[in-house]
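Here the structure comes first, spelled out in structure tokens, and everything after it is commentary.
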Amino acid sequence: MSTTSNAIPLLPGEQTVSDIDERRELPTKLLDYFHNNKAELASALGVHRSSIDRRLAGHTQPNVSTLMRMRSLAQERGVS
């Protein structure tokens, strides 16, 4: 499996998540969907609200499992 410096391997043999912009933009898009309700977004993702605050402030980026949950949630809710 070939990876780039921005690529994040998911599982052995699977593709990688290489779009670093998605890691920055997807939390904001989902927050818009939830009408800026961070508690509801956190609940939907199974994370603490402070995690959402840190991500939106740019202090952290979602880990692979959270990013996958975000992608799944966005797909389920029609967020693009």
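Our numbering puts the first residue of the sequence shown at 1, with every later residue one more than the last.
For every residue, glycine included, the Cβ atom is placed at its ideal position computed from N, Cα and C.
None of these values were measured; they are calculated from a predicted model.
For Arg23 versus Lys38, is the C-beta spacing smaller than 8 Å? With respect to Lys38, Arg23 sits apart: the two C-beta atoms are not nearer than 8 Å.
Of the choices Ile52, Ala57, Ala44, whose alpha-carbon is the least far from that of Ser72? If we check each option's Cα against that of Ser72, Ala44 comes out closest.
Could you tell me the alpha carbon to alpha carbon distance between Ile52 and Thr66, rounded to whole angstroms? About 11 Å.
Which same chain residues end up closer than 8 Å to Arg55 when comparing Cβ atoms and leaving out the 5 residues on each side of it in sequence? Counting only Cβ-Cβ distances below 8 Å, and skipping sequence neighbours, we find Pro27, Gln61, Pro62.
Close-in-space but distant-in-sequence residues of the same chain around Val47 (CB under 7 Å, 5 per side omitted): Thr66
Give the straight-line distance between the Cα atoms of Ala74 and Ile20, rounded to the nearest whole angstrom. 16 Å
Count the other CB atoms, across all protein chains shown, that sit within 10 Å of the CB of Met68; report buried if there are 16 or more and exposed otherwise. exposed
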